[in-house]
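Trainee: Sequential numbering from 81 applies to the sequence shown in this note's numbering. Here a beta-carbon is modelled for each residue, glycine too, at the ideal position from N, C-alpha and C.
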Amino acid sequence: MTPAPPGAPRPATTIVVAGYGALTSGILPRLAALPDTRVALTSRHLTRSPDAAVPLIGPDELSDQHPDVLIGCFENDARSRNFWTHQHVTAAIAAHRPACIELSTISPDRAEQWHQETAALGAIPWECPVTGSRPGAKAGTLSAFLYTAAPHTAADHALAAFTRNRYRFTAPGNPARFKLIFNAWGAALLHAAGAFARRLPEHLGEDYPVAARIVTTDGWMAALAAQKLPRFEGRAYDDPDFAVHHMIKDLRYARDLLGDEVLLTAALDAFTAAEQDHGPYADFTAVADTRGAL
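1. Per DSSP, L121 is paired with what?
2. Buried or exposed for E286, please, with buried defined as at least 16 other CB atoms from any protein chain shown within 10 angstroms of its CB.
3. Would you decide whether N263 is buried or exposed? Buried here means 16 or more other CB atoms lie within 10 Å of its CB.
4. Which residue comes first and which comes last in the beta strand (DSSP E) that contains F225?
5. Return helix, strand or coil for A373, following the three-state DSSP convention.
6. Classify R128 as helix, strand or coil using the three-state DSSP reduction.
7. Here's a check: name, in chain order, each residue in its chain whose Cβ is nearer than 6 Å to the Cβ of I151, leaving out the five neighbours to either side.
8. Tell whether a beta-carbon distance below 8 Å holds between C153 and G220.
9. With a Cβ-Cβ cutoff of 8 Å, do L114 and D131 count as a contact?
10. For N162, is the classification buried or exposed, using 16 other Cβ atoms within 10 angstroms of its Cβ as the cut-off for buried?
11. Here's the rule: buried if 16 or more other CB atoms are within 10 angstroms of the residue's CB, otherwise exposed. What is L126?
12. Let me confirm a value: T122 is counted as buried when at least 16 other C-beta atoms fall within 10 Å, else exposed. Which label applies?
13. Between the C-alpha atoms of H168 and T233, what's the straight-line distance to the nearest angstrom?
14. Judging by CA-CA distance, which residue of L260, G138, T297 is the nearest neighbour of T185?
15. Please specify which runs of the alpha helix (DSSP H), each continuous and at least 4 residues long, are wholly inside the stretch 293-343, giving them in chain order.
16. Could you give the distance in angstroms between the alpha-carbon of E141 and the alpha-carbon of L304?
17. Does Q356 come out as helix, strand or coil in the three-state DSSP assignment?
18. Pick helix, strand or coil for D148, following the three-state DSSP scheme.
19. Roughly how many angstroms separate the alpha carbons of D236 and W300, rounded to a whole number?
20. Have a look at R118 and H358 and give me their C-alpha separation to the nearest angstrom.
21. Provide the residue span of the beta strand (DSSP E) that contains I204, from first to last.
22. Do P252 and A291 come within 8 Å of each other at the CB atom, strictly closer than that value?
23. Applying the 10 Å Cβ sphere with the 16-neighbour rule, what's the burial state of T250?
24. Is F242 closer than 8 Å to G274 when the C-beta atoms are compared?
25. Let me check you understand the geometry: is the CB of Q145 closer than 7 Å to at least one non-hydrogen atom of the ligand ATP?
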């Protein structure tokens with residue numbers, strides 16, 4: 081982004097996004113399109129910005145942005161903690177007191193700790209894990225699971241740019257708890273869908289197309305099958321909407337929360353096998369292909 085000329089009015093809202101991956105690649109353009117808003121990106125691994133309208137900055141430049149909203153999206157507790165406790169980040173938060181939005185799927189303990197840390201710096205913490213993967217981020221239709229102790233107009237506008245539904249919880253850590261149970265439930269369903277999808281061509285032969293049409297259009301499973309069966313069929317795992325590696329992390333956090341649930345353990349074993357067979361950043365539908373493709 082070209083620096084504003086001297087004397088140019090400062091945008092009404094400045095948003096800084098921290099962390100770049102499947103979700104934030106879809107979120108950034110939607111934020112950048114907001115009127116009277118400046119958006120910047122900070123990332124530990126990028127060397128140039130993926131979006132010409134969004135400058136790439138280092139943590140030491142964060143305070144210079146005068147952020148109104150600081151959005152973080154990280155792969156695990158450790159990455160989240162490393163960012164939010166970085167000395168330049170804490171200095172910027174203390175100086176500008178932004179709304180801090182944590183989109184990451186983290187453990188409930190880490191979520192509660194994050195609330196305490198950011199609030200102690202004078203910020204307004206918005207715990208906000210989301211679901212919908214990359215397609216939802218691109219379309220602006222993510223669903224958000226939200227807890228915050230205080231309103232913030234700029235944070236509301238930012239979330240409205242990339243979420244369709246926002247569900248409010250009443251206690252810190254509860255969005256994290258819900259997201260982990262929600263993801264574990266979905267992982268078990270996806271593992272089962274893959275296991276049974278493999279049996280259809282095996283047992284039906286030339287009638288497989290009829291079976292595929294039924295499962296993708298009829299009955300309560302149709303939404304899941306319609307979304308995932310084409311990936312199963314094409315073994316299309318190279319361009320992930322959600323990576324196997326991230327699902328494994330979520331399932332491990334869910335196991336810490338829920339204990340040794342049989343279905344959760346079975347799903348975790350299956351996704352671990354998928355990671356070994358297809359690599360950590362294969363699409364999570366690769367769980368269907370650990371014992372042979374359709």
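Mentor: Let's see:
1. As a position in the sequence shown, residue 121 is number 41, starting the count at 1. L121 is bridged to V97, L136.
2. Looking up residue 286 in the sequence shown gives position 206. Exposed.
3. By one-based count along the sequence shown, residue 263 stands at place 183. Per the 10 Å Cβ criterion, buried.
4. Counting from one through the sequence shown, the residue named residue 225 turns up at place 145. It spans 222-228 - the beta strand (DSSP E) in which F225 sits, taken as one unbroken run.
5. On the sequence shown, position 293 is the one that residue 373 refers to. Residue placement at A373 cannot be trusted, given a pLDDT of 43 that sits under 50; what the coordinates show is reported in the next sentence. Looking at A373 - three-state DSSP - the assignment turns out to be coil, as it is neither helix nor strand.
6. By one-based count along the sequence shown, residue 128 stands at place 48. Correct three-state label for R128: coil.
7. Within the sequence shown, the letter at position 71 stands for residue 151. Around I151: V97, I181.
8. The residue you call residue 153 lines up with position 73 of the sequence shown. The residue you call residue 220 lines up with position 140 of the sequence shown. No, Cβ-Cβ distance for C153 and G220 is not below 8 Å.
9. Here residue 114 refers to the residue found at position 34 when the sequence shown is read from its first residue. Here residue 131 refers to the residue found at position 51 when the sequence shown is read from its first residue. No; because the gap between Cβ atoms is not below 8 Å, this pair is not in contact.
10. On the sequence shown, residue 162 is found 82 positions in, with the first residue counted as 1. With fewer than 16 Cβ atoms within 10 Å of its Cβ, N162 is classed as exposed.
11. Against the sequence shown, residue 126 aligns to sequence position 46. Exposed, since its Cβ has fewer than 16 Cβ neighbours within 10 Å.
12. In the sequence shown, counting from the first residue as 1, residue 122 sits at position 42. Under this definition T122 is a buried residue.
13. Locating residue 168 in the sequence shown gives position 88, counting from the first residue. Locating residue 233 in the sequence shown gives position 153, counting from the first residue. Approximately 25 Å, taken between the alpha carbons.
14. Along the sequence shown, one-based indexing puts residue 185 at 105. Checked all of L260, G138, T297; the closest Cα to T185 is L260.
15. 302-314, 324-338
16. As a working mapping, residue 141 is identified with position 61 in the sequence shown. As a working mapping, residue 304 is identified with position 224 in the sequence shown. Whole-angstrom Cα-Cα distance: 44 Å.
17. Stepping through the sequence shown from its first residue, residue 356 is reached at position 276. If DSSP states are grouped into helix, strand and coil, Q356 belongs with the helices.
18. Indexing the sequence shown from 1 puts residue 148 at position 68. DSSP places D148 in coil when its eight states are reduced to three.
19. Counting from 1 along the sequence shown, the entry for residue 236 is found at position 156. Counting from 1 along the sequence shown, the entry for residue 300 is found at position 220. So the alpha carbons of these two residues sit roughly 34 Å apart.
20. Looking up residue 118 in the sequence shown gives position 38. Looking up residue 358 in the sequence shown gives position 278. Roughly 39 Å between the two C-alpha positions.
21. Residue 204 sits at position 124 when you count from the first residue of the sequence shown. It spans 204-207 - the beta strand (DSSP E) in which I204 sits, taken as one unbroken run.
22. Taking the sequence shown and counting its residues from 1, one reaches residue 291 at position 211. Taking the sequence shown and counting its residues from 1, one reaches residue 252 at position 172. Not closer than 8 Å, so no.
23. As a first step, residue 250 must be located in the sequence shown, where it is residue number 170. Exposed.
24. For this step, residue 274 is matched to residue 194 along the sequence shown. For this step, residue 242 is matched to residue 162 along the sequence shown. Taking 8 Å as the Cβ cut-off, G274 and F242 do not qualify as a contacting pair.
25. With respect to the ligand ATP, the structure offers nothing, as it holds no ligand at all.
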